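Trainee:
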Amino acid sequence: MFQKWRIRRQLSLSSALFQEYLKALPKVGDQSFMDCSYISLDIETDGLDPKQDSVLSLASVLLSGAVIRLSETAYYFVQAEKLQTTKNIEVHGIHPSEMTQGIREKELMEHVLSQLKGKIFIAHNASFDWAFLNQICLRNFGSPFFCPVIDTMRVEQARLERKQFVMNRGSLTLSACRARYGLPMFDEHDARNDAMATAELLLAQVNAMGGYARVKVRDLGVKLKG
């Protein structure tokens with residue numbers, strides 16, 4: 001209830017774009033998985049602290065129910081104030097020339113808000129991605145990043161706990177989760193690959209939970225963050 005009040009309050013303070021986004025926030029709960037649309041997002045960053053470090057790149061993939069819309073994928077480089085050149089190339093494969101030609105973080109967030117309007121945010125270890133985007137929202141729009149979130153890592157954790165599966169440190173990585181559903185290996189630390197891999201994982205999880213028509217959004221632990 002308090003969160004709804006915060007959203008209503010923000011409507012009177014935000015830019016037109018942010019107001020449109022907030023007005024379109026989907027009410028989630030009893031809807032069938034098939035009746036909702038989703039955006040699978042992944043970011044690559046130059047560090048782990050959302051208050052001090054920067055987003056280097058972001059990729060998004062649209063899911064309409066159980067269908068991945070390949071024509072609706074997006075990928076952005078972001079201009080960074082500091083470039084850790086060697087580290088970025090080794091870990092993310094991102095070259096400094098790509099970053100200097102990137103967009104500013106406010107423009108990135110405007111793209112995210114437009115794509116996510118009326119949809120549910122999906123990510124693996126979603127708290128990490130959300131925290132960085134939340135800081136961008138606070139800096140550029142003066143508002144928290146309100147959005148309904150499904151975290152495929154938490155979905156998998158809940159499924160394994162119900163099965164009394166003994167987990168170790170690597171049990172919930174994106175690649176380990178995908179392997180349990182027979183999904184192929186992929187090149188990690190590339191936002192495009194990770195966003196697509198997360199979308200595929202969610203579809204596999206929903207299928208294993210009873211199928212796209214039977215599973216409700218609430219069964220996936222959706223939460224409104226902000």
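For the sequence shown, counting from 1, position 129 maps to 129 in full-length UniProt numbering; every step adds exactly one.
Heads up, the beta-carbon is just placed ideally off N, CA and C, and yes, glycines get one too.
For clarity, every value in this text was computed on a predicted model and none was experimentally measured.
Return the residue from the list GLN10, LEU220 and LEU22 that minimises the CA-CA distance to CYS147.
Mentor: Stepping through the sequence shown from its first residue, residue 147 is reached at position 147. Selected option, being the one with the closest Cα: LEU22.
Trainee: Closest to LEU41 by CA distance: which of GLY221, ILE7, ALA199 and ALA204 is it?
Mentor: In the sequence shown, the residue the question calls residue 41 occupies position 41. Residue ALA199 is the option with its Cα nearest to LEU41.
Trainee: Could you pull the start and end residues of the alpha helix (DSSP H) that ALA208 belongs to?
Mentor: Here the question's residue 208 lines up with position 208 in the sequence shown. Note, ALA208: alpha helix (DSSP H), 191-208.
Trainee: Where does ARG69 fall in DSSP's three states?
Mentor: Stepping through the sequence shown from its first residue, residue 69 is reached at position 69. If DSSP states are grouped into helix, strand and coil, ARG69 belongs with the strands.
Trainee: Whole beta strand (DSSP E) runs in the stretch 120-181 with 3 or more residues, listed along the chain?
Mentor: If we require 3 residues or more, the beta strand (DSSP E) runs fully inside the stretch 120-181 come out as 120-123 and 147-151.
Trainee: For ASN193, which residues of its own chain have a beta-carbon under 7 Å away from its beta-carbon, when the five flanking residues on both sides are left out?
Mentor: On the sequence shown, position 193 is the one that residue 193 refers to. Around ASN193: PHE186 and ASP187.
Trainee: Determine, using beta carbons only, whether PHE18 and PHE141 come nearer to each other than 9 Å.
Mentor: Start at 1 with the first residue of the sequence shown, and residue 18 comes out as number 18. Start at 1 with the first residue of the sequence shown, and residue 141 comes out as number 141. The answer is yes: Cβ separation under 9 Å.
Trainee: Taking the runs of the beta strand (DSSP E) that are 3 residues or longer, which of them lie wholly in the stretch 3-72?
Mentor: Here the runs fully enclosed are 37-45 and 55-64.
Trainee: Please name the residue, chosen from LEU58, TYR76 and LYS27, that lies closest to CYS36 on a Cα-to-Cα basis.
Mentor: Counted from its first residue, the sequence shown places residue 36 at position 36. For the residues LEU58, TYR76 and LYS27, the minimum Cα distance to CYS36 belongs to LYS27.
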